[in-house]
C-alpha cells in the first residue's frame, strides 16, 4: 500500500454499461489507495445497476448511487464528487479500467500539485496490445501543463491521430475544486472534462503530466468521442 494510505475516491459514471462495469469496478477495488468507489448509475436500462448491487453486496468500499433520470456524464460526475469526502478524486469511465498499481504511482507523484495526469493507453479490443497515445512527444515527462498548451493540444488536425488533452483522467485535489467552486458543466454531454480542466488551469491549477501509470481505454466504434 502507498505510504499515503487510502485517500482517493474513484467515481465511475455508468450508463448502460452492463458489459463492462464489473471489470471497471474490480480494477478500482484492486487499488489500495481507493478509499471508496462510487458507481453513479445514470438511469441505466440494461441492468448494470443490478449487476453492481449483486456483485458488491456487503463490500464497504463500493457504493452504488442510482439516478432516477438520465442527466448525462457531467451530472453523474458531480453527484459522485458531492457524495464523497476523500481528499483526491479519480474518474474512471465504465468501459475503461485501471491496471494494478496505477493510483499508487499517481499518488506518489502528487506532492503539492492540484491535478496529476498520466499518459493514457488504449486498446481496440481484448486481443490488442495497449499503446500509449495521448501525450507522446507533445511534452517532456514529467512536466507542468499550462493553459495555452492545454488548449492548443485540443485542436484536432485533419489526417493526424487524435491527441486531445481533454481525454486525460487526472487525480484531482478536492480542496482546489472546492476553493474555486468548480464542477462539471451539466449542460454538456461531450467535452465536459475539457471544460473543467480548462477552467481549473485558467484559475491557476498546478497540473502535472507524467508517464503512463495504467489507465486503459477501450476504444469502441460507437463511443461518443470516436463518433465526434
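Numbering (our numbering), first residue to last: 80 to 307. Virtual Cβ for every residue (Gly too), placed ideally from N, Cα, C. None of the values given here were measured: they were computed from a predicted structure.
Problem - When 296, 268 and 255 are compared against residue 198, the one with the closest alpha-carbon - result: 296
Handout entry: Buried versus exposed, by CB contacts within 10 Å (16 or more), residue 80
Key = Confidence at residue 80 is low in this model, with a pLDDT of 39, below 50, so the placement of that residue is unreliable and no value is reported for it.
Exercise for the section: Could you check what DSSP says for residue 92 in three-state terms: helix, strand or coil? Expected result: strand
Exercise for the section: Within 10 angstroms of the Cβ of residue 150, are there 16 or more other Cβ atoms? Answer buried if so, exposed if not. Expected result: buried
Handout entry: Check whether residue 162 and residue 121 have beta carbons under 8 Å apart
Key = no
Handout entry: Beta-carbon contacts of residue 291 that lie in its chain and below 6 Å, excluding the five residues immediately before and after
Key = 197, 198, 200 and 211
Exercise for the section: Please determine, among 261, 227, 244 and 110, the residue with the shortest C-alpha to C-alpha distance to residue 176. Expected result: 110
Practice task
Hey, could you find the ends of the alpha helix (DSSP H) residue 223 is sitting in?
Solution key: Segment 222–224 is the beta strand (DSSP E) holding residue 223; no alpha helix (DSSP H) there.
Practice task
Tell whether a beta-carbon distance below 8 Å holds between residue 271 and residue 153.
Solution key: yes
Handout entry: Buried or exposed by the 16-neighbour rule on C-beta atoms within 10 Å, applied to residue 115
Key = buried
Handout entry: Straight-line gap, residue 132 to residue 173 (C-alpha atoms, nearest Å)
Key = 15 Å
Practice task
Can you have a look at residue 88 and say buried or exposed, based on whether 16 or more other CB atoms are within 10 angstroms of its CB?
Solution key: buried
Problem - Nonlocal neighbours in the same chain, by C-beta distance under 7 Å from residue 278, ignoring five residues either side - result: 261
Practice task
Let me know the secondary structure DSSP gives residue 234 once reduced to three states.
Solution key: coil
Exercise for the section: In angstroms with no decimal places, state the Cα-to-Cα distance between residue 231 and residue 242. Expected result: 11 Å
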